[in-house]
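Peer 1:
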Amino acid sequence: MRWENLTGESGDRRADPALFGADAVTTRTFDTPEFRGITFHEVRARSILNRVPGASRMPFEWTVNPYRGCTHACVYCFARKTHGYLDLDTGIGFDTQIVVKVNAPELLRRQLASPRWQGEHVAMGTNVDCYQRAEGRYRLMPGVITALTEHANPFSILTKGTLILRDLELLTRAARVTDVGISVSVGFTDTALWRTVEPGTPAPERRLDVVRVLGEHGIGCGVLMAPVIPFLSDHPDRLRETVRAIAAAGATSVTPLVLHLRPGAREWFMAWLGQHHPHLVRRYERLYAEGAYAPKWYQRRVTRQVHELAQEYGIGPARAGAARRIRPAAETPAAEAPAAAEPTQLTLI
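Note that the working numbering has the sequence shown beginning at 998, numbered continuously upward.
1. Leaving out the 5 sequence neighbours to the left and right, which residues in its chain are closer than 6 Å to V1220 when beta-carbon positions are compared?
2. Give me the DSSP bridge partner(s) of E1039.
3. Figure out for me which residue from R1065, G1051 and G1066 has the closest Cα to the Cα of W1059.
4. Are R1259 and F1057 touching if we call contact CB-CB under 8 Å?
5. Please work out which residues of its chain come closer than 7 Å, Cβ to Cβ, to P1233, disregarding the five sequence neighbours upstream and downstream, and give them in chain order.
6. Compute the Euclidean distance between the alpha carbons of Y1295 and G1178, then round it to the nearest angstrom.
7. To the nearest angstrom, how far is the alpha carbon of F1228 from that of V1255?
8. For R1263, which of helix, strand or coil comes out of DSSP?
9. Kindly identify the DSSP beta-bridge partner or partners of G1081.
10. What's the gap between the Cα of P1030 and the Cα of R1170?
11. What runs of the alpha helix (DSSP H), each 4 residues or longer, lie entirely inside the stretch 1116 to 1200?
12. Would you mind giving the Cβ-Cβ distance between L1104 and I1045, rounded to the nearest angstrom? I have them listed as a contact below 8 Å.
13. Please state whether DSSP places G1219 in a helix, a strand or coil.
14. With DSSP as the reference, please indicate the residues paired to W1059 in a beta bridge.
15. When DSSP builds the beta bridges, which residues end up paired with Y1290?
16. Do A1042 and K1098 have their beta-carbon atoms positioned less than 8 Å apart in this structure?
17. When you compare each of R1235, E1147, I1089 and L1236 to A1110 by their alpha carbons, which one comes out closest?
18. Between which two residues does the alpha helix (DSSP H) carrying I1243 extend?
19. Under a Cβ-count criterion, where at least 16 other Cβ atoms within 10 Å of its own Cβ denotes burial, should K1293 be classed as buried or exposed?
20. Name the residue from F1266, V1208, Y1082 and C1071 whose alpha carbon lies nearest to the alpha carbon of L1165.
21. Out of T1068, R1048, G1090 and K1157, state which residue places its alpha-carbon closest to the alpha-carbon of P1199.
22. So does the stretch 1065 to 1072 actually touch the stretch 1113 to 1133, counting three or more Cβ pairs closer than 8 Å?
23. Using the DSSP secondary-structure output, state which residues sit across from V1225 in a beta bridge.
24. What residue range is occupied by the uninterrupted alpha helix (DSSP H) comprising E1282?
25. Please state if the CB of N1150 and the CB of G1122 are separated by a distance shorter than 8 Å.
26. Taking 7 Å as the limit between beta carbons, can you name the residues of its chain near P1224, skipping five residues before and five after?
27. Secondary structure at G1066, three-state DSSP: helix, strand or coil?
28. At the level of alpha carbons, what is the spacing between H1365 and R1237?
29. Do you know offhand how far G1197's Cα is from A1289's?
30. Output the distance between the C-alpha atoms of L1167 and W1269, rounded to the nearest integer angstrom.
31. Comparing alpha-carbon positions, which option in G1271, R1263, E1282 and L1277 lies nearest G1088?
32. How about G1133 and P1102: do their beta carbons lie closer than 8 Å?
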């Protein structure tokens, strides 16, 4: 999606044509504490179902992303580079210049009704979080979930946001007609690390509360332990602390994913590292010398440690991105043991 592929709509004021192209979008700001300093660019997208490139490592082929940019402001977010496609800053601009596809629900409903659509699985939250703070105002996800439910289309959601609990009833309703998978991302439980590396997200314990509440309502929820951050959250004691908390929340699975640093995210993360942990800069340069991913030996070591801890605490690893059917509590088997997974790289918000 580039600006020239979007049409504008009336609103508070028009965006700068030099920045956004001839088809300017509506730009809004809200003078409330939770949105202060954030600009929203409301657009009417021409397409909402996105095909994942064939070369991708993702275990799904289609995604829906109602937003671009993310107020979670995670310093490692891979999606920062995509803001550059819109001539927007990939650093602070990614955190504060949010693109909102205001017609996402109606557009999705129309595309799902097309005879060309074959009902493939749709993944959400794999680019930026569909339950970031903006969703509290724009309320796009209820319409998105309803459209998928109307067509009995399988889908999954990955989030760091607690706002997903607002749509608990809709998710339960969807699960009666199709496969629904929910995963919450919790890479670590270190509060000090969270405040600097994921400053706009709910605290890790609040995210684990989401896992707990979903479980209490008969909705199995997995945890993507992502990212595991080298030299900051990968100490065996830290891994144990995190897995213990995930197990206590009642997660059905835990899948560890080591930090990866693609262009765009890499520069922003390394600038953060130099400011907060300058003694680690050289170690990161060596660890990621071959590219965006940590060496396989390192990924396998972390994966093995987490899987062993998960077994110790009574939960099992699951394949990243695999949808899990949500069932009412009365239908949920007493135990479901997911198969062990090889280290997997999943795009995370």
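The beta carbon of each residue, even a glycine, is placed where N, CA and C say it ideally should be.
Peer 2: In this structure, then:
1. V1181, V1183, I1243, A1248 and V1251
2. T1023 and V1097
3. G1051
4. no
5. Q1302
6. 29 Å
7. 11 Å
8. helix
9. DSSP output for G1081 lists no bridge partner at all.
10. 34 Å
11. 1131 to 1135, 1138 to 1147, 1165 to 1172 and 1188 to 1194
12. 5 Å
13. strand
14. R1048 and V1119
15. H1257
16. yes
17. E1147
18. P1233 to A1245
19. exposed
20. V1208
21. K1157
22. yes
23. V1255
24. V1278 to L1284
25. no
26. Y1073, G1184, L1254, V1255, L1256 and L1345
27. coil
28. Here the chain has residues from 998 to 1346 only, and residue 1365 is not among them.
29. 24 Å
30. 39 Å
31. R1263
32. no
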